[in-house]
Amino acid sequence: KILGEELVAFRDFSGRIGLVEAHCPHRGTSLEFGLVSERGIRCCYHGWLFDVDGTILETPGEPDDSTLKDRLCHGAYPTHEYNGTIFAYMGPPDQKPPFPMFDTYEREGYRLMPGKKYSYPCNWLQILENAMDPVHTSFLHTIVSGSQFTEEFGVIPELDFIETPAGMIYIATRRMGDNIWVRMVENIMPNLQQVAPIWEDGKEAHPFDGPMMSRWIVPQDDTHTMLLEFRHISVEEEGTPGWWVDREQMLPAQLPITENLEDQQRQPSDYEAQVSQRPIAVHGLEHLGATDRGITMFRKLVRQGIEAVKEGRDPDVLSRDEKPVSTYCNDTVVYSPAVGNLEEDIKMMRETGRKLAEEYIKNPPLSKKS
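In terms of the working numbering, the sequence shown opens at residue 5 and continues consecutively.
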């Protein structure tokens, strides 16, 4: 199920991919029990045959002069296969954009690996909002549940947020001895997030390094969401932790550690924090603070996109250019010893983070290399 629609995906014997409405238009039998054929898929109940584009090819048992199959067309969506993953375009046929290629997909020195697919029983929005909430990494992932990433995430960062051509980033800046660690995590509208490496500790100075993961947050319906990811794996030996190269290993703190409630209460993860906000988080009951600026900014971008579609316009973030889309997720660690008093140092940290983000947006590091 995607966007409230029940669909069946298949690859016919000629190698073509189909994504069709789940229920046969004849009597409603699910095509998940269908027979894949050389051309399309055949309903197991009465043998109706459907091409990958929904064309009804055969209606066995009907008279030779029957026009039934010519008067009907089964629901289907066009697909695009990339890196072992099937994507679907579910919008108006005459407005189909090019498949969005991001500059992180084919960056030098890295390969993409499809990761785990899993689901949360809650609305998609509260999952994506989590990515624009860097303070939660200090509490949920370090202080409350023990170090689920690195211990350095326990330092509450200085915060900033900035819109990008494709969405927004948060800028989380931390003082690590003589270094300033600037972390940028990215939401690409409407439902893609890119996360910087969770094994970063800010101890070694280095330039822009890009994301560890690109992850789609896909609404199945109003209260169920599918998460699937591309992992960015360094081709250099030991360039990526071994557990992240193992597709069977999960990103820490994404699902309950056990099914035992008491254990979940002792070590809650993103799953418990987000799902327990209710199946659909009630914004009217929230009391947002200064640290929630990323949440309010993201919600504003969602509303702007909705209004654009309602008015028949492309959302501002939609690119119809076939060039790779520039992205900005990364960790950067700068050698910059503390100056003056604490207040002056915090000001310098914030300025460092902001300047780096603005420079990356002006001159995207990955796009220059693509």
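No residue lacks a Cβ here, since even glycine has one placed at the ideal position from N, Cα and C.
Exercise. So is V12 buried or exposed if we call it buried at 16+ other beta carbons inside 10 Å?
Worked result: Locating residue 12 in the sequence shown gives position 8, counting from the first residue. Burial call: buried.
Exercise. Under a three-way DSSP split, which group does I350 fall into?
Worked result: In the sequence shown, residue 350 corresponds to position 346, counting from 1. It is helical.
Problem set entry | Cβ distance (whole Å) where P215 is taken to contact H236 below 8 angstroms | Taking the sequence shown and counting its residues from 1, one reaches residue 215 at position 211. Taking the sequence shown and counting its residues from 1, one reaches residue 236 at position 232. Sure, about 6 angstroms apart at Cβ, within 8 angstroms.
For this session: Can you tell me which of K359, M352, P29 and V321 puts its alpha carbon nearest to the alpha carbon of D182?
Result: For the purposes of this step, residue 182 is taken as residue 178 along the sequence shown, with counting starting at 1. Of the listed residues, the one whose Cα sits closest to D182 is M352.
Exercise. How would you label N191, buried or exposed, when you count the other beta carbons within 10 angstroms and need 16 or more for buried?
Worked result: Taking the sequence shown and counting its residues from 1, one reaches residue 191 at position 187. So N191 ends up on the buried side.
Exercise. Does the pairing of the region 19 to 34 with the region 68 to 82 give three or more beta-carbon distances under 8 angstroms?
Worked result: yes
Exercise. M301 lies in the alpha helix (DSSP H); which residues open and close that run?
Worked result: Counting from 1 along the sequence shown, the entry for residue 301 is found at position 297. Its alpha helix (DSSP H) spans residues R297 to K314.
Exercise. Using the beta-carbon count (16 or more within 10 Å), is L61 buried or exposed?
Worked result: The residue given as residue 61 occupies position 57 in the sequence shown. With fewer than 16 Cβ atoms within 10 Å of its Cβ, L61 is classed as exposed.
For this session: Select from M193, I350 and L292 the residue whose C-alpha is nearest the C-alpha of P319.
Result: Sequence index remark: in the sequence shown, residue 319 carries index 315 (1-based). When each option's Cα is compared against that of P319, the closest is M193.
Exercise. Among M94, F14, N87 and S123, which one has its Cα closest to the Cα of F106?
Worked result: Within the sequence shown, numbered from 1, the residue matching residue 106 stands at position 102. Looking at the Cα atoms, N87 is the closest of the given residues.
Problem set entry | Beta-ladder partner(s) of Q198, from DSSP | In the sequence shown, residue 198 corresponds to position 194, counting from 1. Answer by DSSP bridge pairing, in chain order: E190 and S218.
Exercise. What is the rounded straight-line gap between the Cα of L232 and the Cα of T154?
Worked result: Sequence index remark: in the sequence shown, residue 232 carries index 228 (1-based). Sequence index remark: in the sequence shown, residue 154 carries index 150 (1-based). About 23 angstroms.
For this session: Just grab the DSSP bridge partners of T336 for me.
Result: Along the sequence shown, one-based indexing puts residue 336 at 332. Per DSSP, V186.
Exercise. Which two residues bound the contiguous beta strand (DSSP E) that contains E162?
Worked result: As a working mapping, residue 162 is identified with position 158 in the sequence shown. E162 to T168 is the span of the beta strand (DSSP E), which, as asked, contains E162.
Problem set entry | Start and end residues, beta strand (DSSP E) containing H236 | Looking up residue 236 in the sequence shown gives position 232. It spans H228 to S238 - the beta strand (DSSP E) in which H236 sits, taken as one unbroken run.
For this session: Below 8 angstroms CB to CB, which residues in the same chain sit around I160 once its five sequence neighbours on both sides are set aside?
Result: As a position in the sequence shown, residue 160 is number 156, starting the count at 1. Only V139 and S142 meet the Cβ criterion.
For this session: State yes or no: is the C-beta of S151 within less than 8 angstroms of the C-beta of Q271?
Result: Counted from its first residue, the sequence shown places residue 151 at position 147. Counted from its first residue, the sequence shown places residue 271 at position 267. Not a contact, by the Cβ cut-off of 8 angstroms.
For this session: Could you tell me the distance, in whole angstroms, from the CA atom of V189 to the CA atom of M217?
Result: If you number the sequence shown from 1, residue 189 lands on position 185. If you number the sequence shown from 1, residue 217 lands on position 213. In a straight line, the C-alpha of V189 is about 10 angstroms away from that of M217.
Problem set entry | Spatially closest choice to G382 from F37, Y174 and P328, by CA coordinates | Coverage of the chain is limited to positions 5 through 374, which leaves residue 382 absent and any answer about it impossible.
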